[in-house]
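First the structure, in the form of structure tokens, and then the observations on it.
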Amino acid sequence: MGLSRPPIHAFVFDLDGVITDTAEYHYLAWQRLCDEEGLSFSRADNDTLRGLSRRDSLLKILKGAAMPEERMEQLMTRKNDYYRDFLRKITPTDLLPGVGEFLRAARKKGIHLGLASASKNAKDVIENLQVSDFFEAVGDGYSVVNSKPAPDLFVWVAGRLGVPPAEVVIFEDAEAGVEAAHAAGMRVVGLGPIERLGKADILYPGLESVTVEAVLMALG
Ligand code: B16
Ligand code: MG
84 MGLSRPPIHA FVFDLDGVIT DTAEYHYLAW QRLCDEEGLS FSRADNDTLR
134 GLSRRDSLLK ILKGAAMPEE RMEQLMTRKN DYYRDFLRKI TPTDLLPGVG
184 EFLRAARKKG IHLGLASASK NAKDVIENLQ VSDFFEAVGD GYSVVNSKPA
234 PDLFVWVAGR LGVPPAEVVI FEDAEAGVEA AHAAGMRVVG LGPIERLGKA
284 DILYPGLESV TVEAVLMALG
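First residue of the sequence shown: 84, per this note's numbering; consecutive thereafter.
See below:
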């Protein structure tokens, strides 16, 4: 089986939950907004928003309740203002364990590297983390219309890298991201618990527990 698989020429990384953990800041920003608006919101609710766009997150928080578009825009802007206050505090020490080593090792092997995040703040986050230079292509919340679980963002980044989708491996921490990768015809490394990422092709707790060689062996 292994022999018939296409070669691996690119690694594409999700941002939140893979390169750094901005989920806590998203949580605190949504929590503040929900408290102010009298909407119910918990950590467990926040976990279901992982990888979803800002708009899809708000729709989920509203649980189907109708809201005029203008009001939705106001709430999304306020949440983002709260979130961006936290982003200013991000430094290279906020890289998740093993990320720097993994990116350096992959680059050394000549693997093309890309980033694919649902976040409209992704470029600022990777600037603050000082990892922008690793990525030859960066797809963010502005790059495509249809967000994960649609395959569009991963396909967009693969196109920018000039690598066919079948030769790309995605690194994801969200179920929506695993679905998106498979819909794009890509292999996917899940980073996180099996309850959330059971559909990934292979699973690790985080990048500190995996090497580039191990991924190439397992999925190549
Ligand atoms: P923004 P990822 C996602 O990032 C987050 O996981 C998700 O919680 C957030 O709602 C989304 O970005 C949009 O972020 O409000 O900054 O545009 O995991 O795709 O890197
Ligand atoms: Mg993520």
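Idealized CB from N, CA, C, for every residue including glycine.
With H, G and I counted as helix, E and B as strand and the rest as coil, what does DSSP make of residue i?
{"i": "Gly85", "result": "With a pLDDT of only 49 at Gly85, under 50, the local geometry of the prediction cannot be trusted, and the value read off the model is given with reservation. Three-state DSSP puts Gly85 in a helix."}
{"i": "Val228", "result": "coil"}
{"i": "Thr294", "result": "coil"}
{"i": "Ile253", "result": "strand"}
{"i": "Gly303", "result": "coil"}
{"i": "Val214", "result": "coil"}
{"i": "Gly289", "result": "coil"}
{"i": "Thr105", "result": "coil"}
{"i": "Val221", "result": "strand"}
{"i": "Asp179", "result": "Before going on, a small fix: residue 179 reads as Leu here, not Asp. Here Leu179 sits in coil by DSSP."}
{"i": "Val238", "result": "helix"}
{"i": "Gly260", "result": "helix"}
{"i": "His92", "result": "coil"}
{"i": "Asp99", "result": "strand"}
{"i": "Arg243", "result": "helix"}
{"i": "Ala305", "result": "There is no way to answer for residue 305, as the model of the chain reaches only from 84 to 303."}
{"i": "Arg171", "result": "coil"}
{"i": "Ala199", "result": "strand"}
{"i": "Leu280", "result": "helix"}
{"i": "Arg137", "result": "helix"}
With respect to 7 Å, is the separation between the Cβ of residue i and the closest non-hydrogen atom of ligand 1 below this value?
{"i": "Tyr166", "result": "yes"}
{"i": "Lys203", "result": "yes"}
{"i": "Leu132", "result": "yes"}
{"i": "His109", "result": "yes"}
{"i": "Gly224", "result": "yes"}
{"i": "Ser125", "result": "no"}
{"i": "Asn211", "result": "no"}
{"i": "Arg137", "result": "yes"}
{"i": "Ser140", "result": "yes"}
{"i": "Asn163", "result": "yes"}
{"i": "Ala264", "result": "no"}
{"i": "Ser200", "result": "yes"}
{"i": "Ala106", "result": "yes"}
Between residue i and residue j, which are expected to be in contact by the criterion C-beta below 8 Å, what is the C-beta distance as a whole number of angstroms?
{"i": "Leu170", "j": "Thr103", "result": "That pair is no contact at about 10 Å."}
{"i": "Val252", "j": "Ile144", "result": "That belief does not hold up - the Cβ atoms of Val252 and Ile144 are roughly 32 Å apart, past 8 Å."}
{"i": "Arg115", "j": "Tyr165", "result": "5 Å"}
{"i": "Trp239", "j": "Val227", "result": "5 Å"}
{"i": "Asn129", "j": "Tyr110", "result": "4 Å"}
{"i": "Pro237", "j": "Val95", "result": "It is Phe, not Pro, that sits at residue 237 in the sequence shown. Right, the Cβ-Cβ distance comes to about 6 Å (below 8 Å), so this counts as a contact."}
Distance cut 5 Å, beta-carbon to ligand 3 heavy atom: residue list by chain order:
This structure does not include ligand 3; its bound ligands are ligand 1 and ligand 2.
Using 8 Å as the threshold, is the stretch 182 to 193 in touch with the stretch 282 to 298, meaning 3 or more CB pairs across them?
By the Cβ rule, the stretch 182 to 193 counts as touching the stretch 282 to 298, because three or more pairs are nearer than 8 Å.
Report yes or no: do the stretch 272 to 285 and the stretch 213 to 224 share at least 3 C-beta pairs separated by less than 8 Å?
Segments in contact, no.
On the three-pair Cβ rule with 8 Å, is the stretch 120 to 140 touching the stretch 258 to 265?
Result yes; three or more Cβ-Cβ pairs closer than 8 Å.
Quick one: any contact between the stretch 220 to 229 and the stretch 186 to 200, if contact means 3 or more CB pairs under 8 Å?
Contact between the stretch 220 to 229 and the stretch 186 to 200 is present, because at least three Cβ pairs lie under 8 Å.
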